[in-house]
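What follows is a single structure, written as structure tokens, with notes after it.
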Amino acid sequence: MAKTSSSAQHYLECYNCEENPAKFLCKMCQGYLCEPCKREHGKKKITRNHEIVSLTSNNEDMVDLLYCTRHTKKKLECYCNRCKKPVCTDCIIQSHNGHSVKSLSTFYKELTDHFKQEKEEIENVLLPKHMELLAKEKEKRSAFTKKANEIQMKIDAHTQSVVVMVKNSGKQIVESLRNAEKDGLREMDKFTESIEEKINQLQLMRIQISAKIEAKPDVSIFKPIYTNNLKRFQSLPTSADYTLTDFQPHNVNNELSLGIPPVLDSYRYSNRLRNVKGTWKQGTSADDCGIDYGRKRESRRRTPNMSYGSQSLPDLSKY
Numbered sequence: 001m002a003k004t005s006s007s008a009q010h011y012l013e014c015y016n017c018e019e020n021p022a023k024f025l026c027k028m029c030q031g032y033l034c035e036p037c038k039r040e041h042g043k044k045k046i047t048r049n050h051e052i053v054s055l056t057s058n059n060e061d062m063v064d065l066l067y068c069t070r071h072t073k074k075k076l077e078c079y080c081n082r083c084k085k086p087v088c089t090d091c092i093i094q095s096h097n098g099h100s101v102k103s104l105s106t107f108y109k110e111l112t113d114h115f116k117q118e119k120e121e122i123e124n125v126l127l128p129k130h131m132e133l134l135a136k137e138k139e140k141r142s143a144f145t146k147k148a149n150e151i152q153m154k155i156d157a158h159t160q161s162v163v164v165m166v167k168n169s170g171k172q173i174v175e176s177l178r179n180a181e182k183d184g185l186r187e188m189d190k191f192t193e194s195i196e197e198k199i200n201q202l203q204l205m206r207i208q209i210s211a212k213i214e215a216k217p218d219v220s221i222f223k224p225i226y227t228n229n230l231k232r233f234q235s236l237p238t239s240a241d242y243t244l245t246d247f248q249p250h251n252v253n254n255e256l257s258l259g260i261p262p263v264l265d266s267y268r269y270s271n272r273l274r275n276v277k278g279t280w281k282q283g284t285s286a287d288d289c290g291i292d293y294g295r296k297r298e299s300r301r302r303t304p305n306m307s308y309g310s311q312s313l314p315d316l317s318k319y
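Residue numbers for the sequence shown follow full-length UniProt numbering, beginning at 1 and rising by one.
So, in structure tokens, the structure goes:
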């Protein structure tokens, strides 16, 4: 029974004195012992040859201390490959006869090795690639806004060269530009948020896997493992490159058209991660991974309504 100290810390109670926190386990008696009781345990003739291990021993050593929940006096010695569960010798005879089994310690080693590999893939491949992609998207966003500002300067400079009546046309073109910019930024923000969400999920998975690796083993760790959790992260989301067509000024005439407004152009590339000859690569081009990923161009055009009906225009030549 665990006791609680004044500092609200929990510890495992010594089975012998029932007072001190246990630091050892007798593998023969299956009893937890404190330091003084361990010494007494080793002095008694009937228990002096018992094997006692520290509770801070390697996790692999602790696997040998697991007992069957059905046959409580039997140790769990094997792992049934067919039923995906640890079993004792009685379990094998009664309900697992003929099934393929392996040593429980062997399977535990394979299990922890698998967790370590997944953790290594998250730390060394998936997280760095997603963070790199996020950094690039932030750079694109800054350059995209800078480009929009440069175009607006051209629009403003051209608009100032005409009469007040023509300025309305310039305002509509600027509005069209900003709408295109908003569309692009909105799409970029959505993509950035999705990357940040995946990074959060990967970091959470890394914490959970680390906890499993470091935790003391019990029967629950041998439940079936679904190894496909990382597959949905191995293909990076499809990234898009957004750009704006440049402002193309027109001569002011009776159509009252300042020029062709900018539109939002989008280019998407595949970012699937491929393991090429032992090296993870990001498939941003066909040359990287030997695959034709293709290129998709999306264009959204917003042209302001420039029609003024049959309104007569002033003679602009005198300006």
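We put the CB at the ideal spot given by N, CA and C, even for glycine.
Remember, it's a predicted structure, so these values are computed and weren't measured experimentally.
In chain order, what residues of the same chain lie with their CB nearer than 8 Å to the CB of residue i, ignoring the 5 residues before and after it?
| i | result |
| --- | --- |
| K136 | S239 |
| N16 | G31, L33, C34, C37, E40 and H41 |
| I199 | L127, H130, M131 and L134 |
| E187 | A240, Y242 and S266 |
So which of the options has the shortest CA-CA distance to residue i?
| i | options | result |
| --- | --- | --- |
| Q203 | L177, L126 and E150 | L126 |
| L104 | R186, P86 and E181 | P86 |
| residue 387 | Q160, I207, T145 and N97 | Nothing in the structure corresponds to residue 387, since the chain is present only between 1 and 319. |
| P262 | M131, N81, L236 and K147 | K147 |
| L230 | E118, C80 and K84 | E118 |
| Q234 | I122, T47, N179 and A157 | I122 |
| I155 | C29, L264, F247 and E13 | F247 |
| T47 | S54, C29, V63 and M62 | C29 |
| E150 | K138, V174 and E139 | V174 |
By the 10 Å Cβ neighbour count, where 16 or more other Cβ atoms means buried, how is residue i classified, buried or exposed?
| i | result |
| --- | --- |
| P128 | exposed |
| D287 | The predicted model places D287 with a pLDDT of 40, which falls under 50 and marks its position as unreliable; any figure quoted below should be read in that light. Result: exposed. |
| S100 | exposed |
| T159 | buried |
| I207 | exposed |
| S176 | buried |
| A215 | exposed |
| K140 | buried |
| A180 | buried |
Look up residue i in the DSSP assignment and give the residues it is bridged to.
| i | result |
| --- | --- |
| P249 | G259 |
| P21 | E13 |
| V53 | L25 |
| T243 | D265 |
| S103 | C78 |
Apart from the five residues on each side of it in sequence, which residues of its chain come closer than 7 Å, Cβ to Cβ, to residue i?
| i | result |
| --- | --- |
| S194 | P237 |
| Y26 | A small correction: the amino acid at residue 26 is Cys; Tyr does not occupy that position in the sequence shown. Result list for C26: L33, H41, H50 and I52, in chain order. |
| Y67 | K74, K75 and L76 |
| G184 | F144, Y242 and L264 |
| V63 | L104, S105, Y108 and P217 |
| field | Cβ contact check for the segment 90-100 and the segment 59-77: 3 or more pairs under 8 Å | value | yes
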